[in-house]
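Written out below as structure tokens is the structure these notes cover.
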Amino acid sequence: MIGRLTGRLAEKQPPALLLEVNGVGYELEAPMSTFYTLPEPGENVVLHTHLVVREDAQLLYGFSSREERYLFRTLIRISGVGPKLALTILSGISVREFAQSVQDDDAARLVRLPGIGKKTAQRLIVEMRDRLPDNLSDSCSMLQTTSADTSILAVRDARQDACSALESLGYKPQEASRLIRGVDCDGLSSEEIIRDALKRAMK
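In terms of this note's numbering, the sequence shown opens at residue 2 and continues consecutively.
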């Protein structure tokens, strides 16, 4: 099991990134909560990882904190919740907010996430209640966003990248475009646009 990687961030295109470790490039997928904390390509980064082995592929997932990875691992143990849906959940709601929703029996909040219906939200609350440590929400730190390129071309590319990322997270193209249109994208990176769009989706 690959539990942690330290290396140079070679590429990042939500939800995928490429981490170069001692000359080897590792392809990973990560939730947006992790992308918000990533440095610019070329800088070093440490990621906590989880490896999923299937008959047709070996998939590596990266997280900026142990709490994120813990929640991911716990979610994928629940029937009907695969890695893609787990990433969608982590991208749309913080570990702190998810734990609070479970504690408060707040299914309505979880239903706002793409791919989560009322029955799934209720099942998540019931099954996660006994799996999350009481202090999980208290131990999670606030996430910092990265700086943005302010050029017009970068803004246009950032919007396109953000839209593609939202579609990868389960949003329909029309819904992704609508969420992006509601964000003032000037001066924002794609990660920041996605963050604001996801905040709108959760309102």
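Heads up, the beta-carbon is just placed ideally off N, CA and C, and yes, glycines get one too.
Would you mind working out which of Thr38, Asp107, Val47 sits nearest Thr7, comparing C-alpha positions?
Against the sequence shown, residue 7 aligns to sequence position 6. When each option's Cα is compared against that of Thr7, the closest is Val47.
Grouping DSSP H, G and I as helix and E and B as strand, with all else coil, what is Glu192?
Position 191 of the sequence shown, counting from 1, holds the residue named residue 192. Helix.
Per DSSP, what are the beta-bridge partners of Thr7 in this structure?
Stepping through the sequence shown from its first residue, residue 7 is reached at position 6. DSSP lists Val47 as partners of Thr7.
Please report the straight-line C-alpha distance between Ser65 and Gln175, rounded to a whole angstrom.
The sequence position of residue 65 within the sequence shown is 64, counting from 1. The sequence position of residue 175 within the sequence shown is 174, counting from 1. Cα to Cα, the separation comes out at about 30 angstroms.
Under three-state DSSP, which class holds Lys200?
Your numbering for residue 200 matches position 199 in the sequence shown. Lys200 falls in the helix class under three-state DSSP.
Pairwise C-alpha distance: Asn45 and Gly24
Here residue 24 is taken as the residue at index 23 of the sequence shown, counted from 1. Here residue 45 is taken as the residue at index 44 of the sequence shown, counted from 1. Using only the alpha carbons, I get a separation of about 13 angstroms.
Opposite Leu29 in the DSSP bridges: which residues?
Here residue 29 refers to the residue found at position 28 when the sequence shown is read from its first residue. DSSP lists Leu18 as partners of Leu29.
Assumed close pair Ala31, Pro16 - CB separation to whole angstroms, cut-off 8 angstroms
As a working mapping, residue 31 is identified with position 30 in the sequence shown. As a working mapping, residue 16 is identified with position 15 in the sequence shown. That pair is a contact at about 6 angstroms.
I believe Glu21 touches Arg9 by the beta-carbon criterion, under 8 angstroms. Please report the beta-carbon distance rounded to the nearest angstrom.
For the purposes of this step, residue 21 is taken as the residue at position 20 of the sequence shown. For the purposes of this step, residue 9 is taken as the residue at position 8 of the sequence shown. Indeed they touch by this definition, with Cβ atoms about 5 angstroms apart.
Sub-8 angstroms separation of Ser34 and Glu12 beta-carbons:
Position 33 of the sequence shown holds residue 34. Position 11 of the sequence shown holds residue 12. Their beta carbons are not under 8 angstroms apart, which means Ser34 does not touch Glu12 by this criterion.
Whole-number beta carbon distance between Leu170 and Ala198, since they are thought to touch under 8 angstroms:
Locating residue 198 in the sequence shown gives position 197, counting from the first residue. Locating residue 170 in the sequence shown gives position 169, counting from the first residue. No, Ala198 and Leu170 are not in contact; Cβ-Cβ is about 10 angstroms, not under 8 angstroms.
Sorted by chain position, which residues of the same chain lie with C-beta nearer than 7 angstroms to Arg130's C-beta, five sequence neighbours on each side aside?
Taking the first residue of the sequence shown as 1, we reach residue 130 at position 129. Hits under 7 angstroms: Val103.
So Ala58 and Leu76 are in contact, right, with Cβ under 8 angstroms, and what is the actual spacing, rounded?
As a first step, residue 58 is located in the sequence shown; it is residue number 57 there, counting from the start. As a first step, residue 76 is located in the sequence shown; it is residue number 75 there, counting from the start. The Cβ separation is near 19 angstroms, so there is no contact.
Comparing alpha-carbon positions, which option in Tyr27, Arg55, Leu19 lies nearest Gly83?
Along the sequence shown, one-based indexing puts residue 83 at 82. For Gly83, the nearest C-alpha among the options comes from Arg55.
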